Amino acid sequence: MSVLHIHEFGDPAGEPLLTLHGVNGHGRRFRRLAEESLPHRRTLAVDLRGHGRSIYDGPWSIAQHVADLVDTLDAQSLGAVDVVGHSYGGAIALALLGDAPDRVRRLVLLDPALALSGAAGSLAASAAITDSGWSNVEEATLARNAGLGDETNPGVIEDIAEHLVEGTDGRFRFRVHPPAVVTAWGEMCAPLPAQVRAVPALLVAADRADFVTARIEAALVTLFAGLLEVVHLDSTHMLYWHRFDATAAAITAFLD
Numbered sequence: 005m006s007v008l009h010i011h012e013f014g015d016p017a018g019e020p021l022l023t024l025h026g027v028n029g030h031g032r033r034f035r036r037l038a039e040e041s042l043p044h045r046r047t048l049a050v051d052l053r054g055h056g057r058s059i060y061d062g063p064w065s066i067a068q069h070v071a072d073l074v075d076t077l078d079a080q081s082l083g084a085v086d087v088v089g090h091s092y093g094g095a096i097a098l099a100l101l102g103d104a105p106d107r108v109r110r111l112v113l114l115d116p117a118l119a120l121s122g123a124a125g126s127l128a129a130s131a132a133i134t135d136s137g138w139s140n141v142e143e144a145t146l147a148r149n150a151g152l153g154d155e156t157n158p159g160v161i162e163d164i165a166e167h168l169v170e171g172t173d174g175r176f177r178f179r180v181h182p183p184a185v186v187t188a189w190g191e192m193c194a195p196l197p198a199q200v201r202a203v204p205a206l207l208v209a210a211d212r213a214d215f216v217t218a219r220i221e222a223a224l225v226t227l228f229a230g231l232l233e234v235v236h237l238d239s240t241h242m243l244y245w246h247r248f249d250a251t252a253a254a255i256t257a258f259l260d
């Protein structure tokens with residue numbers, strides 16, 4: 005049994021909400037959404053295996069991530085919960101719905117990374133293998149803020165404080181296990197499931213990113229059999245940083 009590290013926010017007696025971050029991320033990325041937009045909910049923002057403060061040991065497959073989530077929900081004595089998944093977290097959330105449908109009440113997919121091309125997955129995995137990190141905190145901050153505006157985004161500042169660590173080589177990298185990251189990019193190339201139990205779902209697509217293509221959107225509409233709402237935002241992939249207000253509004257309108 006593997007129980008994940010949880011960043012918990014909101015009302016401890018509130019309706020539970022499970023949030024799943026993307027590759028290279030961590031659960032605390034959902035703090036602002038939880039505290040400012042959903043304070044009445046009990047938000048459980050996990051660090052996925054190989055990320056943040058959770059266990060680093062393999063395997064790092066989506067199947068193992070799903071098992072970890074079920075173990076974590078069991079440890080919290082929770083049954084069906086609403087789930088929000090960003091990027092790779094969206095792929096894991098969809099797999100959770102497929103493998104443990106009784107644990108998912110409603111589903112929010114934030115620019116999910118689904119059915120990527122093999123070439124795209126290989127390129128991203130290769131970049132993770134050769135990642136040299138950054139020479140200092142300022143360099144890392146500038147790189148993380150790229151595309152988010154002239155001012156440093158508050159989400160980036162918080163991300164750097166929580167997630168950036170200095171390695172034995174004196175270089176700065178995110179608090180992740182590289183084999184888990186490489187595996188994740190391969191897993192994101194898997195095809196969409198042929199079917200899942202249709203639950204109310206929300207897709208929030210970032211139109212400045214390349215993840216939610218017209219093909220993926222159409223496939224999700226079919227998969228959820230008329231229960232999928234779709235919102236498009238003029239945003240980069242990190243939409244809960246870049247377009248926080250619009251992203252939060254879409255999620256709260258759907259969940260509340």
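Every number in the numbering used here is 4 more than the matching position in the sequence shown, counting from 1.
For glycine and all other residues, C-beta sits at the position ideal for the given N, C-alpha and C.
It should be emphasised that the depicted structure is a prediction, and the values quoted were computed from it without experimental measurement.
| Check | Outcome |
| --- | --- |
| What residues in its chain sit with their C-beta under 7 Å from that of glycine 151, if we drop five residues either side in the sequence? | Thr240 |
| Under 6 Å Cβ to Cβ from arginine 45, same chain only, skipping five residues before and after it: list those, please. | Gly14, Gly18, Glu19 and Leu21 |
| Cβ atoms of alanine 205 and leucine 111: under 9 Å apart, would you say? | yes |
| Might you give, ordered along the chain, the residues of its own chain that have their beta carbon closer than 6 Å to the beta carbon of alanine 128, omitting 5 neighbours on each side? | Trp189 |
| Which residues mark the beginning and the end of the beta strand (DSSP E) in which glutamate 233 is found? | 232-237 |
| When we look at the beta-carbon of aspartate 115 and count the other beta-carbons within 10 Å, is it buried (16 or more) or exposed? | buried |
| Where do the N-terminal and C-terminal ends of the beta strand (DSSP E) with leucine 277 fall, by residue? | There is no way to answer for residue 277, as the model of the chain reaches only from 5 to 260. |
| Can you grab the Cα-Cα spacing for the pair glutamate 162 / serine 121, in whole Å? | 32 Å |
| Nearest CA to the CA of threonine 251: which residue from Pro197, Ile220, His11 and Phe34? | Phe34 |
| For alanine 124, which of helix, strand or coil comes out of DSSP? | helix |
| At what residues does the alpha helix (DSSP H) containing arginine 148 begin and finish? | 141-148 |
| Hey, which unbroken runs of the alpha helix (DSSP H) at 4 residues or more fall wholly within the region 11-80? | 66-79 |
| Please check the pair valine 70 and aspartate 103, which I expect to be a contact at CB under 8 Å, by giving their CB distance rounded to whole angstroms. | 5 Å |
| For glutamine 199, does the count of other Cβ atoms within 10 angstroms reach 16, so buried, or fall short, so exposed? | exposed |
| Is histidine 2 buried or exposed, if buried means 16 or more other CB atoms sit within 10 Å of its CB? | With the chain covering only 5 through 260, there is no way to say anything about residue 2. |
| Taking all protein chains shown into account, decide if alanine 38 is buried (16 or more other Cβ within 10 angstroms of its Cβ) or exposed. | buried |
| State the start and end residues of the unbroken alpha helix (DSSP H) segment that holds arginine 282. | Outside the shown range of the chain, which is 5 to 260, sits residue 282, and nothing can be said about it. |
| Measuring CA to CA, which of Leu48, Glu12, Leu42 and Arg53 is closest to valine 186? | Arg53 |
| Can you tell me the Cα-Cα spacing of glycine 125 and asparagine 28, whole angstroms? | 14 Å |
| Can you give the Cα-Cα distance for isoleucine 59 and leucine 8, rounded to whole angstroms? | 7 Å |
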